[in-house]
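I have placed the structure first, in the form of structure tokens, so that the comments after it can refer back to it.
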Amino acid sequence: MKQGGIRLAAVKQLTRPEEIVARIREIYVPNHFMSDYFHIDIDDIRCGKVTVSLLTDPRKHTNHREVLHGGVMMALADSVTGVTGASVGAVVVTVSLTMSFIRNARPGSRIRVKSHITHNGRTTIVIAAEMYDEDDKLMANILADMMIVDHFPEIPRKW
Numbered sequence: 316m317k318q319g320g321i322r323l324a325a326v327k328q329l330t331r332p333e334e335i336v337a338r339i340r341e342i343y344v345p346n347h348f349m350s351d352y353f354h355i356d357i358d359d360i361r362c363g364k365v366t367v368s369l370l371t372d373p374r375k376h377t378n379h380r381e382v383l384h385g386g387v388m389m390a391l392a393d394s395v396t397g398v399t400g401a402s403v404g405a406v407v408v409t410v411s412l413t414m415s416f417i418r419n420a421r422p423g424s425r426i427r428v429k430s431h432i433t434h435n436g437r438t439t440i441v442i443a444a445e446m447y448d449e450d451d452k453l454m455a456n457i458l459a460d461m462m463i464v465d466h467f468p469e470i471p472r473k474w
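Heads up: the sequence shown is residues 316 to 474, going by my numbering.
Below, the structure is given as structure tokens:
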């Protein structure tokens, strides 16, 4: 079986939080979209909660008005939801992603997204998240509906 670009042999469910976090990082760090293109950092992983951040690059992440592009903010939001699904053992795809934009951030600053699962069902997961600038000011509220398409058998639903 192949998951996250890594071939798995017989899978034993992990039990220690540090092993689970290491496995989730192993799945997502090689993700070229997250790591190579956007340079998204996974800062914290807990069961059902994830924090990611991005050091914005004025040359790559801004629009024609030289402010952070809304699409970059959406990409960061979508990335955190995938990792959040994995934190409960779910392979998810985005069904719906809604963002209420509140403020922008200075190009060259670090922005952070904190997510948490509000519903963990049999076929769907709902994830809420908040995006903050480096001064801890709220930039956006995010709500995502995710479809569960598979499971990471080694990652427990609760830990």
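Even for Gly, the Cβ is constructed at its ideal location relative to N, Cα and C.
Here DSSP, grouped into helix, strand and coil, assigns ALA420 to coil. When secondary structure is reduced to three states using DSSP, VAL408 falls in the strand class. Leaving aside the five residues that flank LEU370 on each side, the residues in its chain whose CB is nearer than 6 Å to its CB run, in chain order, ARG425.
Residue pairing by DSSP puts LYS364 in a beta bridge opposite ARG361, HIS431. Ranked by Cα distance from TRP474, the first of ALA325, GLY363, MET389, THR439 is GLY363. The alpha carbon of VAL365 has as its nearest neighbour, out of PRO468, SER402, VAL441, the alpha carbon of SER402. Restricting attention to ARG340, LEU329, TYR352, THR399, the CA atom closest to the CA of MET462 is found in THR399. The DSSP-derived three-state label of GLU341 is helix.
For MET349, no pairing in a beta bridge is given by DSSP. Nearest to ASP372 by C-alpha distance, out of MET454, ASP465, PRO422, is PRO422.
Shown here, ALA325 sits in coil according to DSSP, grouped into three states, outside any helix or strand.
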